[in-house]
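Here the working numbering is used: the first residue of the sequence shown is 525, the next is one more, and so on.
These notes concern the structure reproduced below.
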Amino acid sequence: MSKINNIRKDFFLQFGEELFKLRREHKLNLLELSQKTGIRMAKLDLMERGKAKEIWLFCKLLAFYNKLIKIELVE
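Spelled out as structure tokens, the structure:
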């Protein structure tokens with residue numbers, strides 16, 4: 525069970541890093557992004573650190589950026 529948790533933890537951490545890069549590409553700070561998406565700043569910060577686990581929030585942000593993600597399972 526711990527192997528699955530480690531994979532999930534790594535996934536959210538890498539996903540958060542990509543969200544941070546997207547925010548910086550669009551030259552937005554947390555306050556502006558929070559106002560445009562309706563997601564609280566604290567939650568956005570946790571997402572970028574890889575500590576938020578609500579997948580629907582990630583989907584909402586990806587929709588805001590008009591991005592698609594492709595997840596491949598690797599053994």
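Virtual Cβ for every residue (Gly too), placed ideally from N, Cα, C.
It should be emphasised that the depicted structure is a prediction, and the values quoted were computed from it without experimental measurement.
Would you say residue i and residue j are within 7 Å of each other, going by their C-beta atoms?
| i | j | result |
| --- | --- | --- |
| Gly-540 | Met-571 | yes |
| Gly-574 | Leu-543 | no |
What distance in whole Å lies between the Cβ atoms of residue j and residue i, which are believed to be in contact at a cut-off of 8 Å?
| i | j | result |
| --- | --- | --- |
| Asp-569 | Leu-554 | 6 Å |
| Lys-591 | Thr-561 | Not really, about 13 Å apart at Cβ, beyond 8 Å. |
Taking the alpha helix (DSSP H) that residue i belongs to, which residues open and close that run?
| i | result |
| --- | --- |
| Glu-542 | 526-549 |
| Arg-573 | 565-573 |
| Ala-576 | Looking at the DSSP string, Ala-576 is not in any alpha helix (DSSP H), and its letter there is neither H nor E. |
| Glu-556 | 554-561 |
Comparing alpha-carbon positions, which option in the options lies nearest residue i?
| i | options | result |
| --- | --- | --- |
| Glu-549 | Glu-596, Val-598, Tyr-589 | Tyr-589 |
| Leu-557 | Val-598, Ser-526, Leu-586, Ala-576 | Leu-586 |
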